[in-house]
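Before any comments, here is the structure.
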Amino acid sequence: MGRKRLLVVLKPIEADPVSQSEGPSRITNPQSQMLHHLDSRRKVHNDAISCCQNILLRKPVEWNSVVLNDLSQPVHDVDLVVTVGGDGTLLQASHFIDDSVPVLGVNSDPTQPKEVEKLSNEINASRSTGYLCATTIDNFEEVLDNILQGRTIPSKLTRISVYVNSQVLPTYALNDILIAHSCPAALSQFSFKIKRDGELCPPLVNSRSSGLRVSTAAGSTAAMLSAGGFPMPILSQDLQFMVREPISPGNTSSLMHGLIKSHQSMEVTWFCKEGVVYIDGSHVFFSIQNGDAIEISSKAPILKVFLSHYFQTTVKNCEEKHLHKNAITYREREREREREREREREMARRRLLLLLKPFDVYPVGQSDGLCRITNPQKDGLVPSFDNFCKGIQVLHYLENRRKVHKDAINLCQSILRQKPVEWKPIVRTNLSEPIRDVDLVVTVGGDGTLLQGSHFIDDTVPVLGVNSDPTQPEEVEKLRNEFDANRSTGYLCGATVNNFEQVLDNILKGRANPSKLARISICVNSEVLPTYALNDILISHPCPAAVSRFSFKIKMDDQRCSPLVHSRSSGLRVSTAAGSTAAMLSAGGFPMPILSQDLQYMVREPISPGNTSSLMHGSIKSRQSMEATWLSKEGVVYIDGSHVCYSIKDGDVIEISPKAPVLKVFLPHHLQNISEET
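In this text, residue positions in the sequence shown follow my numbering: the first is 2, and each later residue adds one.
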């Protein structure tokens with residue numbers, strides 16, 4: 002520290018929320034306490050900056066300050082960077098700092114446990130944990146003196162290096178990265194493998210999930226821990242990875258969470274049309290597309306950070322263990338019995354609507370994503386010969402799937418022509434008005450086709466789902482080292498092409514009754530949304546890597562029957578019984594009896610839930626509702642995936658209940674006969 006040149010990076014002083022914030026200004030008098038709290042936080046941070054600057058004025062150092070938002074070039078020609086804010090300020094500043102400049106984090110406004118407890122029934126008063134900040138304002142001068150006089154040395158923290166198609170991204174992650182579809186409710190499809198010195202450490206894992214998170218040791222106590230990961234020794238050079246909410250991982254479930262050792266790397270191949278690599282949150286991100294190869298390793302330049310006394314003096318031997326939740330399996334039988342005469346009268350007119358999944362697989366030569374594989378010179382990217390051949394194999398596989406689906410449609414139409422019914426077909430994407438004046442809807446595709454069709458069907462029209470191309474376990478196993486051959490599980494589909502005629506005859510002759518499945522009703526600021534969810538809803542920030550802030554409580558007859566819970570997390574998922582075996586189960590929830598009228602909710606990756614951890618996952622009974630208050634500037638309510646969504650903003654009140662009209666569905670035989678045993 003000979004020349005003693007310092008750069009002070011400041012968390013921006015946010016505008017006065019009372020007068021300028023678009024969000025809180027919408028909140029009326031009941032939220033005035035929150036406004037005053039936010040204003041006091043601004044003043045505390047402003048005082049902290051002034052205190053730091055006054056201390057620096059007394060020291061034999063040259064220094065200048067810069068607001069974090071104005072930092073756009075690599076930091077050079079300084080001997081120390083001091084960040085004033087919280088962990089977020091240090092994380093964002095680290096993107097401009099190489100391995101030669103040490104960093105000291107000053108937590109300008111630490112969380113006060115007594116204040117949090119006092120205000121717990123009003124607002125969430127938690128602030129930055131300051132996990133990586135070595136000091137607060139109270140002892141900043143003492144810590145700074147120790148650094149300037151050489152009595153303290155920085156620790157070397159691992160960062161993550163990310164390559165996309167062999168080109169290194171310019172930003173290294175100190176906390177974690179998240180690779181996901183740009184829409185939080187959309188499915189992320191990718192494969193990954195662990196490599197050592199360029200050699201594959203088998204096996205190749207195919208995944209359909211909510212994305213892939215990889216964290217450093219420093220980041221293992223943040224979102225990774227919230228998602229069920231484990232804390233790592235702070236100076237470990239290893240990385241920890243976790244597939245978020247994997248769908249039907251089967252015999253690869255043990256590979257969804259693990260370590261990337263310091264001498265290893267992970268290679269990910271992306272299979273969605275679009276995707277994003279988020280680095281240390283939502284502020285820094287890079288777009289990816291179908292066929293891109295992403296390599297992740299800990300070979301990035303380290304970051305020198307002055308850690309708190311706790312880390313300097315404590316040696317932690319953390320066991321590498323995975324936290325698995327044992328799902329409690331529920332089984333139920335509730336046979337829906339309606340009088341045969343009513344069934345016969347209902348089906349007498351025999352008017353059917355045939356709802357078809359579109360031919361939306363990637364045909365050779367047309368898909369923007371896959372044509373990148375068939376044209377190696379596009380964008381100056383030259384994939385390896387193996388990847389090129391694999392791309393051709395995938396194209397032929399997808400073309401085969403298209404033919405199978407087309408054959409299924411032709412067969413269903415041929416069967417309908419032989420029956421005493423009036424019917425007409427419509428492609429799912431052309432459906433825009435409520436379905437009326439029909440006695441039965443037949444969907445041909447998978448669960449997704451039935452789900453999207455349900456948004457246009459009320460509680461008077463029954464639905465039969467036909468799975469046009471079920472997953473073949475032998476095929477999945479045969480191709481698992483090449484790509485993911487899983488298709489729709491057809492959980493809600495009552496028939497396949499093989500038994501469609503038999504099932505249809507039973508329906509037309511009144512020998513089969515539909516089951517009544519619960520749906521979710523959503524009201525935003527007392528206005529009901531026009532779409533009911535058959536599977537689940539996800540309420541989150543539109544950016545998958547951003548923090549979602551909200552509070553919620555359970556009510557019955559307008560009376561609160563649970564404490565008010567404040568949450569900072571990745572969002573809130575609420576599922577029906579039918580949806581409890583989908584994303585909810587992948588996230589660690591439990592399967593529910595298919596005819597249950599209750600809902601299940603789960604806060605995704607809650608940050609430091611404390612004594613409310615037991616309230617992060619639970620049930621909303623049939624007579625209850627959940628009231629959630631959104632506390633982020635922007636948010637989205639996703640219904641049954643990513644296709645149907647509604648924007649929300651700060652202060653909006655969302656009421657969630659099972660009081661929506663039911664959906665009548667002809668379920669597969671094994672669900673019709675399911676018992677009520679737990």
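Don't be surprised by glycine CBs; every beta carbon is placed ideally from N, CA and C.
Quick caveat, the model's predicted, so the values are computed rather than measured.
Margin query: If I measure Cβ to Cβ from L412 and keep anything under 7 Å in the same chain, skipping five residues before and after, which residues do I get?
Written below: By one-based count along the sequence shown, residue 412 stands at place 411. Cβ neighbours of L412 beyond the five flanking positions: V498.
Margin query: Quick check on the burial criterion: 16 or more other C-beta atoms within 10 angstroms. Buried or exposed for L586?
Written below: Position 585 of the sequence shown, counting from 1, holds the residue named residue 586. It is buried - the Cβ of L586 has at least 16 other Cβ atoms within 10 Å.
Next item on the list: Output the distance between the C-alpha atoms of F141 and N65, rounded to the nearest integer angstrom.
Entry: For this step, residue 141 is matched to residue 140 along the sequence shown. For this step, residue 65 is matched to residue 64 along the sequence shown. About 17 Å.
Notebook entry, point to check: If T577 sits next to L518, beta carbons under 8 Å apart, how far is it from one beta carbon to the other, in whole angstroms?
Noted result: Numbered from 1 along the sequence shown, position 576 holds the residue referred to as residue 577. Numbered from 1 along the sequence shown, position 517 holds the residue referred to as residue 518. That belief holds up - the Cβ atoms of T577 and L518 are roughly 7 Å apart, short of 8 Å.
Notebook entry, point to check: How big is the Cα-Cα spacing for I180 and F312?
Noted result: Translated into the one-based positions of the sequence shown, residue 180 becomes position 179. Translated into the one-based positions of the sequence shown, residue 312 becomes position 311. Rounded to the nearest angstrom, the two C-alpha atoms are 30 Å apart.
Notebook entry, point to check: How would you label E118, buried or exposed, when you count the other beta carbons within 10 angstroms and need 16 or more for buried?
Noted result: As a position in the sequence shown, residue 118 is number 117, starting the count at 1. With fewer than 16 other Cβ atoms within 10 Å, it is exposed.
Notebook entry, point to check: DSSP three-state call for P669: helix, strand or coil?
Noted result: Taking the first residue of the sequence shown as 1, we reach residue 669 at position 668. In the structure shown, P669 sits in coil (DSSP, three-state: anything other than H, G, I, E or B).
Note to self: Taking 7 Å as the threshold (C-beta atoms), are V85 and I50 in contact?
What the structure shows: Here the question's residue 50 lines up with position 49 in the sequence shown. Here the question's residue 85 lines up with position 84 in the sequence shown. Cβ atoms of I50 and V85: closer than 7 Å.
Margin query: Assess contact between the region 605-616 and the region 521-533, defined as three or more Cβ pairs (one per stretch) separated by less than 8 Å. Is contact present?
Written below: no
Next item on the list: Kindly indicate which residue of K556, D651, S211 has the alpha-carbon position closest to the one of G636.
Entry: In the sequence shown, counting from the first residue as 1, residue 636 sits at position 635. Nearest C-alpha to G636: D651.
Next item on the list: Output yes or no for whether 7 Å exceeds the beta carbon distance between T253 and V206.
Entry: Locating residue 253 in the sequence shown gives position 252, counting from the first residue. Locating residue 206 in the sequence shown gives position 205, counting from the first residue. Cβ distance < 7 Å, so T253 and V206 count as in contact.
Check: Which same chain residues, not among the five before or five after P435, have their C-beta less than 6 Å away from its C-beta?
Finding: Sequence index remark: in the sequence shown, residue 435 carries index 434 (1-based). Excluding sequence neighbours, P435 sits near F457.
Next item on the list: Report buried or exposed for D281, applying the criterion of at least 16 other Cβ atoms within 10 angstroms of its Cβ.
Entry: Position 280 of the sequence shown holds residue 281. By the neighbour-count rule (16 or more Cβ atoms within 10 Å), D281 is buried.
Notebook entry, point to check: P75: which of S623, S101, I521 sits nearest, CA to CA?
Noted result: Mapped onto the sequence shown, residue 75 falls at position 74. P75 has its Cα closest to that of S101, out of S623, S101, I521.
Check: To which residues does DSSP link M627 through a beta bridge?
Finding: By 1-based counting over the sequence shown, the position of residue 627 is 626. In the DSSP output, where bridge partners are listed per residue, M627 has I555, I657.
Notebook entry, point to check: Helix, strand or coil: which one does DSSP assign to T613?
Noted result: To locate residue 613, count along the sequence shown from 1; it is residue 612. Reduced to three states, the DSSP call for T613 is helix.
Notebook entry, point to check: Closest to T172 by CA distance: which of S95, L8, V107 is it?
Noted result: Position 171 of the sequence shown, counted from the first residue, corresponds to residue 172. The candidate whose alpha carbon is nearest that of T172 is S95.
Margin query: For A584, report the span of its alpha helix (DSSP H) as first-last.
Written below: Here residue 584 corresponds to residue number 583 of the sequence shown, with the count starting at 1. Counting along the chain, the alpha helix (DSSP H) containing A584 begins and ends at 584-587.
Next item on the list: Measure from the alpha carbon of A228 to the alpha carbon of each residue in G589, P250, L664, A513, then state which is nearest.
Entry: Here residue 228 refers to the residue found at position 227 of the sequence shown. It is G589.
Check: On the three-state DSSP scale, how would you describe V687?
Finding: The displayed coordinates of the chain run from 2 to 679. Any statement about residue 687 would go beyond what the structure contains.
Checklist line | DSSP-derived helix/strand/coil call for D71 | finding: Counted from its first residue, the sequence shown places residue 71 at position 70. In the structure shown, D71 sits in a helix (DSSP, three-state: H, G or I).
Item checked: K317 burial status per 10 Å Cβ neighbour count (16 or more: buried) -> Against the sequence shown, residue 317 aligns to sequence position 316. Note that K317 scores 39 on pLDDT, short of 50, meaning its location in the model is unreliable and no value can be drawn from it.
Note to self: By the three-class DSSP mapping on this structure, what secondary structure does K157 have?
What the structure shows: The residue given as residue 157 occupies position 156 in the sequence shown. Here K157 sits in strand by DSSP.
Next item on the list: Out of K157, V428, S183, state which residue places its alpha-carbon closest to the alpha-carbon of K300.
Entry: Reading the sequence shown from its first residue, position 299 is the one you call residue 300. The shortest Cα separation from K300 among K157, V428, S183 belongs to K157.
Checklist line | Range of the contiguous beta strand (DSSP E) that encloses C646 | finding: For the purposes of this step, residue 646 is identified with residue 645 of the sequence shown, where counting begins at 1. Residues 645-650.
Item checked: Alpha-carbon spacing of S626 relative to G642, whole angstroms -> For the purposes of this step, residue 626 is taken as residue 625 along the sequence shown, with counting starting at 1. For the purposes of this step, residue 642 is taken as residue 641 along the sequence shown, with counting starting at 1. Spanning the two alpha carbons is a distance of roughly 22 Å.
Notebook entry, point to check: Looking at the unbroken alpha helix (DSSP H) that takes in I148, where does it start and where does it end?
Noted result: Counted from its first residue, the sequence shown places residue 148 at position 147. Per DSSP, I148 belongs to the alpha helix (DSSP H) from 141-149.
Notebook entry, point to check: I655 to S552, Cα distance in whole Å?
Noted result: Position 654 of the sequence shown, counting from 1, holds the residue named residue 655. Position 551 of the sequence shown, counting from 1, holds the residue named residue 552. Approximately 10 Å between the Cα atoms of the pair.
Checklist line | Inter-residue Cα distance where the pair is L256 and P234 | finding: As a first step, residue 256 must be located in the sequence shown, where it is residue number 255. As a first step, residue 234 must be located in the sequence shown, where it is residue number 233. So the alpha carbons of these two residues sit roughly 22 Å apart.
Note to self: What residue range does the alpha helix (DSSP H) around F191 cover?
What the structure shows: Looking up residue 191 in the sequence shown gives position 190. Here F191 belongs to no alpha helix (DSSP H); instead the beta strand (DSSP E) covers 189-197.
Notebook entry, point to check: Can the beta-carbon of K660 be found closer than 7 Å to that of S563?
Noted result: On the sequence shown, residue 660 is found 659 positions in, with the first residue counted as 1. On the sequence shown, residue 563 is found 562 positions in, with the first residue counted as 1. Not in contact: K660 and S563 (Cβ atoms no closer than 7 Å).
Notebook entry, point to check: Within this structure, are the beta carbons of G572 and R520 separated by less than 7 Å?
Noted result: On the sequence shown, residue 572 is found 571 positions in, with the first residue counted as 1. On the sequence shown, residue 520 is found 519 positions in, with the first residue counted as 1. No, the Cβ-Cβ distance between G572 and R520 is not below 7 Å.
Notebook entry, point to check: Mapping DSSP to helix, strand and coil, what is F501?
Noted result: Counted from its first residue, the sequence shown places residue 501 at position 500. In this structure, F501 counts as helix in the three-state DSSP scheme.
Notebook entry, point to check: Should N108 and C134 be called a contact, given that it needs their Cβ atoms to be closer than 7 Å?
Noted result: Residue mapping note: residue 108 aligns to position 107 of the sequence shown, counting from 1. Residue mapping note: residue 134 aligns to position 133 of the sequence shown, counting from 1. Result yes, Cβ atoms of N108 and C134 sit closer than 7 Å.
Note to self: For E275, tell me which candidate among A224, P185, S249 has the shortest Cα-Cα distance.
What the structure shows: If you number the sequence shown from 1, residue 275 lands on position 274. Among A224, P185, S249, the Cα nearest to that of E275 is on P185.
Next item on the list: Taking all protein chains shown into account, decide if P669 is buried (16 or more other Cβ within 10 angstroms of its Cβ) or exposed.
Entry: Taking the first residue of the sequence shown as position 1, residue 669 is located at position 668. Buried, since its Cβ has 16 or more Cβ neighbours within 10 Å.
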